[in-house]
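Numbering (the numbering used here), first residue to last: 8 to 627. Every residue gets a Cβ at the ideal spot worked out from N, C-alpha and C, and that includes glycine.
In structure tokens:
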């Protein structure tokens, strides 16, 4: 009998209403684990070449991992994947919260949604089965009301993943909302869900559908260990979360500001977590399933009228404060918190929306774009909020352009140089002029610019936890400064991206500071498998090779492994030392290709065979 998984993947064809289930066997699950690796495999198998991301041939996948739903911190996450309408290639994103654990404990290892419904529908998972329900009564409603209606229909313990009005309107930066305050944000996956007319997926676990574990006592020991050591291991995340990084980045002169033209913004300290606390905006912290870290922000603003927000939709993290705040030149914490809450309520990726609006602000200031009287200028918080409203509803020409993301907007006005994106996905709030191997990671990422399956150079500049854990995989890495782009640094990046692929297949949270040895313990306690460091990295490499294959098949070739021109020039205002050398960067990309077996513009068939992926040697 399987331990830690069900060997049960559900398929739903919304075009016909057919529902069926597939099993793959223990060897398969040990090689793929779930999450990203499973999603990449299923997308290559079930999405035909050239499929319209917003058409019925695309697949939408919800994929927990082998550790999802176990009683240890960080195990509440879920991967959502599809062919991305934003990039045209492989797309996935993870969300925390409780839905992923609920779906896993309701009896499924993954849910694959195919086809396109004629009218709005939702899916409910319970007892290891999927049921299809009409959802016209849910379409157009806010997430709070949708969740209440689904809990009333299926029981108060039901957990819900859903889209907001942005997903319904197929905005290309729409996300998938989990449990109201957690988001599978990147890649426009909410638009895919909206195109399928799938309003929500709900799940309810029962005792008889929870997986059994190989060593439950060891899992309990691990859970108690993290709870007891959380302050020692992760005090900053426990007390502040990610919002305490705005001020340090600004003082260092590397805080993305004015659409990445600047690295310093006067007054940006007002966006830091300490300011949010002093103003009474941040009222507490929330958590995810079984997690002791409690890093999520909870905010409330009352009595202002236009800036009032309620706490159910969570609060801004660093990425939201940077994208909607400093990148747009806005330093008013009330306006930025309101903008972030609107994104959460409407189901929008804060990074994609913030960078797209910053692109529009720069275009308006340079006379390239008519803002239709909105006052869309850097620093105008009210215009930022109004632009989000237009974007979510696709109102007017400006709303239509904003709904397409920064790349398509900038191309439509004839100035593609304004869009800070890679492969169509907007750049996160970590500037590659400062973290330079991270910039190489942006370029080679299968999903476009992404900081979550990447190497953050600053963590490896001196001896410490990050280096020690990377050495676990067998190479004697030495500290290297953030500006280094030597072969040794790219080897670090290659190992780190494989490790991140492994962790994103488990699916575990990056903010819970488990060590690689503890991941091994958790996998053994859950499944009885003793994965070696080599096997762990092989899982991660499967994610890289399969997603590369998917992109090559869809016409996204090596020429797309690049950064916007802006990053090869210094900030107008900011750290003068933050400068990305073009030749060093290009050599770093070539070195990564060589390490990955991509230097001939394709994926090395020998590498695929070594990873047990022979069936994909003719994938494109």
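query: Exposure label - residue 286; buried when at least 16 CB within 10 Å; result: exposed
query: Sub-9 Å separation of residue 49 and residue 88 beta-carbons; result: yes
query: Terminal residues of the alpha helix (DSSP H) in which residue 63 lies; result: Residue 63 -> no alpha helix (DSSP H), and no H or E assigned at all.
query: Own chain residues within Cβ distance below 7 Å of residue 55, not counting five before or after; result: 64
query: Residue 286, enclosing alpha helix (DSSP H) - first and last residue; result: Here residue 286 belongs to no alpha helix (DSSP H), and DSSP marks it neither H nor E.
query: Residue 176 beta carbon less than 9 Å from that of residue 192; result: no
query: Limits of the unbroken alpha helix (DSSP H) element including residue 79; result: Taken as a continuous stretch (DSSP letters only), residue 79 belongs to no alpha helix (DSSP H), as it is neither H nor E.
query: Alpha-carbon to alpha-carbon, residue 250 and residue 140; result: 40 Å
query: Beta strand (DSSP E) runs wholly inside the region 287-339, at least 3 long, in chain order; result: 289-293, 303-306
query: Rounded straight-line distance, which links the Cα of residue 374 to that of residue 392; result: 21 Å
query: Environment of residue 255 [buried if 16+ CB atoms lie within 10 Å]; result: exposed
query: Bridge partners - residue 88, DSSP secondary structure assignment; result: 68, 99
query: The region 262-272 / the region 332-341 touching (three or more Cβ pairs under 8 Å); result: yes
query: Stretch pair the region 394-401 + the region 438-446: three plus CB contacts closer than 8 Å; result: no
query: Nearest residue (CA-CA) to residue 276, options 328, 309, 239, 8; result: 328
query: Residue 41 (DSSP reduced to helix, strand or coil); result: strand
query: For residue 106, the nearest candidate out of 99, 59, 212 (CA to CA); result: 212
query: Inter-residue Cα distance where the pair is residue 433 and residue 449; result: 10 Å
query: DSSP state of residue 610 mapped onto helix, strand, coil; result: coil
query: Proximity below 9 Å, CB of residue 62 to CB of residue 41; result: no
query: Per DSSP, the bridge partner or partners of residue 54; result: None, per the DSSP bridge assignment.
query: Of the residues 295, 616, 95, the one placed nearest residue 515, counting alpha carbons only; result: 295
query: Segment limits, beta strand (DSSP E) that includes residue 389; result: Element bounds for residue 389: not the beta strand (DSSP E) but the alpha helix (DSSP H), 388-400.
query: Pick from 613, 534, 502 that is closest to residue 223, judged by C-alpha positions; result: 534
query: Residue 514, DSSP secondary structure in three states; result: coil
query: Residues near residue 423 by beta carbon distance below 6 Å, same chain, minus five either side; result: 417
query: Ordered list of alpha helix (DSSP H) runs contained in the region 343-391, each at least 4 residues; result: 357-372
query: DSSP three-state assignment for residue 264, whether helix, strand or coil; result: strand
query: C-alpha distance - residue 142 paired with residue 150, whole-angstrom precision; result: 13 Å
query: Same chain, Cβ closer than 7 Å to residue 318, neighbours up to 5 away in sequence not counted; result: 290, 305, 306, 307
query: Residue 510 beta carbon less than 9 Å from that of residue 552; result: no
query: For residue 602 and residue 620, the rounded distance between their alpha carbons; result: 18 Å
query: Candidates 204, 460, 415: closest to residue 44 by CA position; result: 460
query: Terminal residues of the alpha helix (DSSP H) in which residue 447 lies; result: 443-451
query: Buried versus exposed, by CB contacts within 10 Å (16 or more), residue 368; result: buried
query: Residue range of the alpha helix (DSSP H) that includes residue 530; result: 523-534
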